[in-house]
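Note sheet for the following structure.
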Amino acid sequence: MRSGTDASARHRVVIVGLGFGGLEAVNGLAGAPVDVTLIDRRNHHLFQPLLYQVATASLSTSEIAWPIRFLMERRPEVTTLLGAVTGVDVDGRVVLVEDGPLVPYDTLVIATGAQHAYFGHDEWEPFAPGLKTLEDATTLRRHILVAFERAEIETDPQARTALLTFVIIGAGPTGVELAGTIAELARDTLPRDFRRIDTRTARVVLIEAGPRILGGFDEGLAAYAQRSLEEIGVEVVLNRPVSNCTADGVVFGGERLAARTIIWAAGVMSSPAAAWLDAPADRAGRLQVLPDLTVPGRPEIFVIGDAVVLEAPDGKPVPGIAPAAKQQGKHVAKTIVRRLGGDPAPRPFHYKHAGSLAQIGKRRAIIDFGAIKLRGALAWWIWGIAHIYFLIGLRNRLAIALSWLWIYTRNQRSARLITQGQPARRHSETPGVHQPPL
Ligand SMILES: Cc1cc2nc3c(=O)[nH]c(=O)nc-3n(C[C@H](O)[C@H](O)[C@H](O)COP(=O)(O)OP(=O)(O)OC[C@H]3O[C@@H](n4cnc5c(N)ncnc54)[C@H](O)[C@@H]3O)c2cc1C
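As numbered in the working numbering, the sequence shown has no gaps in its residue numbers, which increase by one up to the final residue, 768.
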């Protein structure tokens with residue numbers, strides 16, 4: 331099945347992106363007669379569902395990310411390359427890496443995920459950063475913590491109020507989890523640390539363009555989540571699309587709100603896999619794969635995870651969530667092994683939805699298992715156990731369990747470290763800057 335001249339050489343699989351889909355694919359190829367090359371522009375696999383906890387100082391970066399080389403240390407047949415893929419020469423069967431070598435493949439798996447989308451308003455990005463990478467999370471953490479620090483030294487009441495106003499745009503699971511955790515940070519963790527401000531006066535405003543929060547969840551669970559958020563002090567604004575974001579605040583539904591922290595949790599766009607392959611895509615840039623996850627006309631190329639759009643058997647699109655990417659990675663690995671065993675028949679991918687989970691606050695979560703719907707403390711425990719179960723390695727599981735126990739019992743968030751950016755500087759030392767950057 332190998333292309334090229336050396337028929338005795340092993341089949342070369344190249345996997346681009348070691349997120350949830352890519353990792354499951356390479357794991358599924360363990361023991362198969364293949365040489366695998368992994369290419370990722372970051373040196374780590376990231377557990378994105380807990381990114382918001384890094385952004386809100388609950389967890390530290392190394393608790394939710396693992397160096398790819400460490401994950402592959404016992405896989406001598408796997409070569410890892412750190413580099414950004416910029417395209418694919420589908421006729422020559424090589425992957426193009428920025429400032430790197432051409433990487434030849436017999437089978438290519440693209441699992442490059444998604445990125446933020448600002449619905450045609452990319453100019454908002456500097457003022458309303460999103461959350462996708464570890465860098466995004468530590469930048470946000472810095473931004474949030476510096477806002478409280480600046481408020482402590484700010485003498486102008488209006489400026490202080492703006493510093494203590496945190497806006498989250500988009501009320502999907504990430505927006506809800508961020509809003510709940512920032513509210514708890516301000517309400518439970520920080521009050522003891524500050525002397526001149528009462529951090530409990532901070533406003534956390536969650537803005538949603540649609541008629542309700544958590545659009546993908548059951549209505550009853552979403553209503554419970556909204557009540558819970560409001561009980562911990564989050565202001566939920568519905569049916570008010572945002573029309574502008576600046577350094578000074580946000581405009582929504584014609585109203586302007588002064589806020590120095592705006593977080594974007596409203597939309598994603600696929601990575602450019604479809605453009606690399608000149609393949610059909612939907613409006614979000616997701617490649618329209620065939621039911622067996624291959625690219626039309628290119629059976630040797632699979633694209634999986636957030637980079638694709640695919641219908642589940644019920645006619646609904648397979649959701650852009652970690653379990654879907656993992657199931658697809660597993661399916662691709664099985665297909666490759668089957669093909670190498672002489673069975674080339676394409677088999678459609680079947681997505682199995684295990685359920686949807688979201689955490690609202692320290693002791694509250696919602697879980698939608700379809701027939702079974704849970705809310706409150708029990709759901710929170712199940713949410714916590716499920717997330718710990720899906721982490722990699724005993725050390726991280728124990729570390730996160732301990733961090734959560736500390737937060738649960740003592741309201742302590744130990745990762746309150748301000749890193750990156752400029753050291754503290756007074757407003758007046760920055761000539762010509764109206765609002766100092768946070
Ligand atoms: C903040 C946040 C919270 C989330 N919460 C949940 C949740 O609670 N539950 C849930 O199920 N899902 C959640 N998701 C969604 C889930 O993380 C994604 O659906 C899942 O990660 C998709 O897996 P993937 O393999 O397609 O892509 P990813 O996991 O995003 O991996 C893509 C990989 O490709 C690499 N890459 C991208 N472009 C290139 C390039 N050009 N060259 C080289 N490498 C590249 C990236 O570095 C990355 O390692 C969340 C996502 C985010 C951002």
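Backbone N, C-alpha and C define an ideal beta-carbon position, used for all residues, glycine too.
Practice task
For ALA492, I'd like the list of residues in its chain whose CB is within less than 8 Å of its CB, leaving aside the five on either flank, ordered along the chain.
Solution key: ASP578, GLY579, ALA588, ALA589 and ARG590
Handout entry: Rounded C-alpha distance that separates SER390 from ARG743
Key = Answer to the nearest angstrom: the Cα atoms are 10 Å apart.
Exercise for the section: Take the Cβ of ARG480 as the centre, count every other Cβ of all protein chains shown within 10 Å, and call the residue buried at 16 or more, exposed below. Expected result: Burial call: buried.
Exercise for the section: Note down the Cα distance separating VAL344 from ALA441, rounded to an integer number of angstroms. Expected result: 11 Å
Problem - Status (buried if at least 16 other CB within 10 Å, exposed otherwise) for ARG342 - result: Buried, since its Cβ has 16 or more Cβ neighbours within 10 Å.
Problem - Contacting residues, own chain, Cβ-Cβ under 6 Å from ALA362 (five flanking each side not counted) - result: VAL667
Exercise for the section: Compute the distance between the beta-carbons of SER694 and ALA707, then report whether it is under 8 Å. Expected result: The sequence shown places Arg at residue 694, not Ser. The answer is yes: Cβ separation under 8 Å.
Problem - Sequence ranges, beta strand (DSSP E) only - wholly within the stretch 594–639, length at least 3 - result: 598–600 and 628–633
Handout entry: Residue nearest to ALA458 in terms of C-alpha spacing, selected from VAL572, GLY422, GLU407 and GLY430
Key = VAL572
Handout entry: Contact test: VAL343 Cβ vs ligand 1 heavy atom, cutoff 7 Å
Key = no
Problem - For LEU508 and ILE474, the rounded distance between their alpha carbons - result: C-alpha separation (whole angstroms): 11 Å.
Handout entry: Residue from ILE543, VAL366 and ASP370 with nearest C-alpha to SER310
Key = Outside the modelled stretch of the chain, which goes from 331 to 768, sits residue 310, for which no answer is possible.
Exercise for the section: Out of ASP612, TRP713, TYR382 and VAL633, state which residue places its alpha-carbon closest to the alpha-carbon of THR437. Expected result: VAL633
Practice task
Express the C-alpha separation of GLU482 and LEU768 in angstroms, rounding to a whole number.
Solution key: 14 Å
Practice task
For the beta strand (DSSP E) containing ASP698, list its first residue and its last residue.
Solution key: 694–698
Exercise for the section: Using only the heavy atoms of ligand 1, determine whether one of them is closer than 7 Å to the beta carbon of ASP636. Expected result: yes
Problem - Rounded separation between ALA654 and VAL648 - CA only - result: Going from the Cα of ALA654 to the Cα of VAL648 covers about 7 Å.
Practice task
Would you kindly work out how many angstroms separate the C-alpha atoms of GLY347 and ASP429, rounded to a whole number?
Solution key: 17 Å
Practice task
Say whether the stretch 727–734 touches the stretch 448–466, bearing in mind that this needs 3 or more beta-carbon pairs closer than 8 Å, one atom from each stretch.
Solution key: no
Handout entry: Sequence-distant residues of its chain with Cβ nearer than 6 Å to LEU411 (five each side left out)
Key = Beyond the five residues adjoining it in sequence on each side, LEU411 comes within less than 6 Å, by CB distance, of ILE369 in the same chain, given in chain order.
Handout entry: Assigned secondary structure, GLY367 (DSSP; H/G/I helix, E/B strand, else coil)
Key = For clarity, residue 367 is Thr in the given sequence; the question names Gly instead. Residue state, collapsed to three classes: strand.
Problem - Where ARG590 falls: helix, strand or coil (DSSP) - result: coil
Handout entry: Outcome for GLY659 when other beta-carbon atoms lying within 10 angstroms are tallied against a minimum of 16
Key = Buried: at least 16 other Cβ atoms inside 10 Å.
Exercise for the section: Flag this pair as yes or no: are the beta carbons of ALA532 and ILE562 separated by less than 8 Å? Expected result: no
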